[in-house]
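J.:
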Amino acid sequence: MITVEPEFKIYQETHLFMTEPVHFQVTGMRQSVFIWVGKEDGKLGDLSMAVPPFASHTVASSTSLLGKSVSEESKNLAPKRYKQQFYVSFNLNQSDDMLFVFVEKKLMEILKTIF
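In structure tokens form, the structure reads like this:
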């Protein structure tokens, strides 16, 4: 009997930032990863895509797929480190630097357990 690995692997976690829950969903696919981070409303209001650097380039290329602009947080998250294409959606309704540091730290912990 042949066993087939699933095409998608979904990981979900919730962590508290101060007193507010922040939800994380990481969907692993072949050669790409989709990351959603948000609060209880579950919206997809921002979506960026980043690809790892090609050849001798050192900067990942990125673009905004949904929303007005590519956020630095979603653009620089992980394509260079993991050498995969990343789709990232941050839906936090705040521009709190401490919150983004918290989110980035938690995501790196989650990604370490996955890869």
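Sequential numbering of the sequence shown, starting at 0, is according to this note's numbering.
Where a beta carbon is used, it is the ideal one built from N, C-alpha and C, also for glycine.
In this text the structure is predicted, and so the values were computed from the model without any measurement.
For L65, tell me which candidate among S47, P51, A54 and T57 has the shortest Cα-Cα distance.
T.: Residue S47 is the option with its Cα nearest to L65.
J.: Nearest by alpha-carbon distance to M28: which of F16, E4, V100 and V102 is it?
T.: Considering only alpha carbons, the answer is E4.
J.: Please report how far the alpha carbon of P51 lies from the alpha carbon of D45, in whole angstroms.
T.: Each residue's Cα considered, the two are about 20 Å apart.
J.: Please name the residue in G41, F85 and E39 whose C-alpha comes closest to that of S60.
T.: If we check each option's Cα against that of S60, F85 comes out closest.
J.: For the alpha helix (DSSP H) containing K104, list its first residue and its last residue.
T.: Taken as a continuous stretch (DSSP letters only), the alpha helix (DSSP H) holding K104 covers D96 to I113.
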